[in-house]
Structure formats: structure tokens, C-alpha cells
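Step one of this worksheet: look at the structure below.
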Amino acid sequence: MAANFQSWVSARQSDFEEVLRGILPRPEAAPQRLHDAMRYSVLDGGKRVRPLLAFATGELAGADVARVNIAAAAVELIHAYSLVHDDMPCMDDDVLRRGKPTCHVQYDEATALLVGDALQTLAFQLLAEHRLSDDARRQLEMIKLLAVASGSRGMAGGQAIDLDSVGKKLTLPELEFMHIHKTGALIRAAVLLGAYCGSVSASQLDKLDHFGKLIGLAFQVVDDVLDCEADSSTLGKTAGKDAENDKPTYVSLLGIHGARDMAKSLHREALDTLAEFGNSAQRLRELADFIVLRKF
Ligand code: GRG
1263 MAANFQSWVS
1273 ARQSDFEEVL
1283 RGILPRPEAA
1293 PQRLHDAMRY
1303 SVLDGGKRVR
1313 PLLAFATGEL
1323 AGADVARVNI
1333 AAAAVELIHA
1343 YSLVHDDMPC
1353 MDDDVLRRGK
1363 PTCHVQYDEA
1373 TALLVGDALQ
1383 TLAFQLLAEH
1393 RLSDDARRQL
1403 EMIKLLAVAS
1413 GSRGMAGGQA
1423 IDLDSVGKKL
1433 TLPELEFMHI
1443 HKTGALIRAA
1453 VLLGAYCGSV
1463 SASQLDKLDH
1473 FGKLIGLAFQ
1483 VVDDVLDCEA
1493 DSSTLGKTAG
1503 KDAENDKPTY
1513 VSLLGIHGAR
1523 DMAKSLHREA
1533 LDTLAEFGNS
1543 AQRLRELADF
1553 IVLRKF
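In this text, residue positions in the sequence shown follow the numbering used here: the first is 1263, and each later residue adds one.
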């Protein structure tokens, strides 16, 4: 990672951590256990890939960083809720997340369920109570965008297909459909929300949307490869779960080399969609490189 990019990432991550600390309910406020568990599940962990994408498109679109902070926080809260629920016994039943015991292990199942519910509603509260665009209709579009990306036509729908696919053989288009929804929809939303906080033309928005779709899929292909190749301490979550759960993945369908090749070609295509942006898309290019070349 180039030094300049590394310092941009570190600065954005540490500023964003403070933003999240300020947004989440204070741990001493009632109900304390729920608030404590919400903070446990969101703070001090995660790569913050989705917020970083929103910051990069926000910079490209000349957005006010205070606005992007709120949009990025909304996406990250939805992401954190999805991880808490995904780890529960009724779904993936996992004990390790971000290098710590999962929420239901550290607290209890009912609390984990409520943490997810409360993080999700807090995300939409943020989008409704802060001004994110000078155009009120644009702000409503942003709320709808995140709702669709998170709901049954987005992440929750992808998760439903995922749960249903255990032990089944999916074709490549079926696997792609699942992941475009389960993982890709929120990544795409992060890219677009950052841009919506600023100003871009309709054709630039189309290009960013396409970039978000490609890099969201690349993220998942790499996730499948890492699940096979990396160990649990590097990942901060249990490695090898996909094979253990007999889940169809890019690796089970294409083999490790095929999956790596697919990630490379999605990466190339994603970079191509940014060609017209010149230097203003440099951070997005670097994030695309990070997403594809990451080791955790
Ligand atoms: C429960 C509605 C609902 C959805 C869950 C996102 C998801 C859907 C499940 C997570 C399971 C999983 C491992 C998905 C693969 C890709 C993914 C989202 C990985 C985790 O994201 P990272 O690597 O995590 O960005 P950090 O911890 O860095 O934020």
C-alpha cells in the first residue's frame, strides 16, 4: 500500500471511529446492556471498507465531509447489524468476529437480535435527521437507496438465498445473483451515498454505480478465497466456514485459481469504469486495489 494512501486510510479510520463513538448511544444511558452491546459490535474493529468507499466518492464529488460522515455511518451501522445477526445460531452460528467473541456469545441471543434491530433503525434515523443534500428530494432518494440495498431486494434477500443454498450446487450466474445482493448491494450503496453527498453528473453517477457493482462482487470473490487460504487469527473470524457449511462459493465453483482470475478481471473492469475521472478517482482506484489484494 502506498504511504500516502496508507496515511489517508489511517486518518479516515480514526476520524470515523470518533464519529461512530459520538453517534452511538452512551453506554451509561438506559437500557445500558443494549447500548453497551451496540458499542461492542460497532466500535474498535473492522476494516471500514464501506465508509472508506463513501469518503473516496465524497471527495470525488466535492462533498462536505460532515455529510459523508453521516452517510458512511449509516452504511456501517447496517453492515454491523448484518454481521451480528449473521453470526447468530439461527444463521451462521459463529463465535468469532473482528477478533472478539461474537455479540450473542459476549452478551446473549436476545440482546444480539435487539442490537441488530437497533443499529438498523439508528442508520435510518441518521439519514432522516441530518441534512445530507441541499435538495430534499435527493436526500429522500438516499434514504430509499439504503433501504433497498439493505432489504429483501438487497442484502437481506441475498442472505435468504445464501441460507437456502447450503448443500446445493449453484450455477455461476446464481452465485453472482446471490452475492450481488448479499454483499454487493451495501458496497454499491456506500459508493453512491458518498457521491450523493456532493455533486456529480448523471453519467458519472452511472459509472460510479457500475464501479460499485464490480468492486462489490470482487470483494466477495476475494472473501471466498481468503476463507480458504487465510487463518482465523488473520481474518479475525472463523476461517474455512464456507467449506465446513457446504456453501457454494467462487472457490467451490471455479477452483482457487479460477476465483483469483475472476477477482483480477473484475478489478480491471472496475478500474476501467473510472478512466474518465482522472486524478479525482485516485482514492477509489487505491481502494479497489486494496479490496482485491487484501490479506484479511
Ligand atoms: C443478517 C440480513 C443479514 C445479512 C447478513 C453481510 C452478511 C449478510 C453476512 C456476513 C457474512 C459474510 C462473511 C459475508 C461475506 C462478505 C462480508 C460481508 C464480509 C464481512 O465484511 P468485512 O470484511 O468485515 O468488510 P469488517 O469486519 O472488516 O467490517
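Just so it is clear, CB atoms sit at the ideal spot from N, CA and C, and this is done for glycine as well.
In this text the structure is predicted, and so the values were computed from the model without any measurement.
- For Asn1266, the enclosing alpha helix (DSSP H) covers residues Ala1265 to Ile1285.
- Note on Val1330: 16 or more other CB atoms within 10 angstroms of its CB, so buried under the neighbour-count rule.
- Secondary-structure assignment with DSSP links Lys1362 through a beta bridge to Arg1359.
- Taking all protein chains in view, the Cβ of Asp1504 is crowded by 16 or more other Cβ atoms within 10 Å, so the residue is classified as buried.
- The residue from Ser1269, Leu1339 and Ser1272 with its alpha-carbon nearest to that of Met1300 is Leu1339.
- Judged by DSSP in its simplified three-state form, His1441 adopts helix.
- Look at Thr1535: its beta carbon is at least 8 Å from all of the heavy atoms in ligand 1.
- By the criterion of at least three beta-carbon pairs nearer than 8 Å, the stretch 1454 to 1461 is in contact with the stretch 1382 to 1396.
- Taking each of Asp1493, Tyr1343, Phe1539 and Gln1421 in turn and checking the Cα distance to Gly1324, the smallest one comes out for Phe1539.
- Of the heavy atoms belonging to ligand 1, at least one sits nearer than 8 Å to the Cβ of Lys1444.
- Distance check between His1443 and each of Gly1429, His1347 and Ile1423 places Ile1423 closest, using alpha-carbon atoms only.
- Contact annotation: Arg1359 and Lys1499 have beta-carbon atoms nearer than 9 Å.
- Where Val1554 is concerned, the enclosing alpha helix (DSSP H) starts and stops at Gln1544 to Leu1555.
- Taken atom to atom, the span from the alpha-carbon of Arg1288 to that of Ser1269 is near 29 Å.
- Taking C-beta atoms under 8 Å as the contact rule, Leu1448 and Ser1414 fail to qualify, at a distance of about 14 Å.
- CA-to-CA, the gap between Ala1418 and Met1350 works out to about 15 Å.
- Here Leu1533 is actually not in contact with Arg1545; their C-beta atoms are around 13 Å apart, not less than 8 Å.
- Taking a 10 Å sphere around the C-beta of Met1524, we find 16 or more other C-beta atoms and assign the residue as buried.
- Under the three-state reduction of DSSP, Lys1499 is assigned to coil, being neither helix nor strand.
- About 16 Å separates the Cβ atoms of Phe1558 and Ala1480, ruling out a contact at the 8 Å cut-off.
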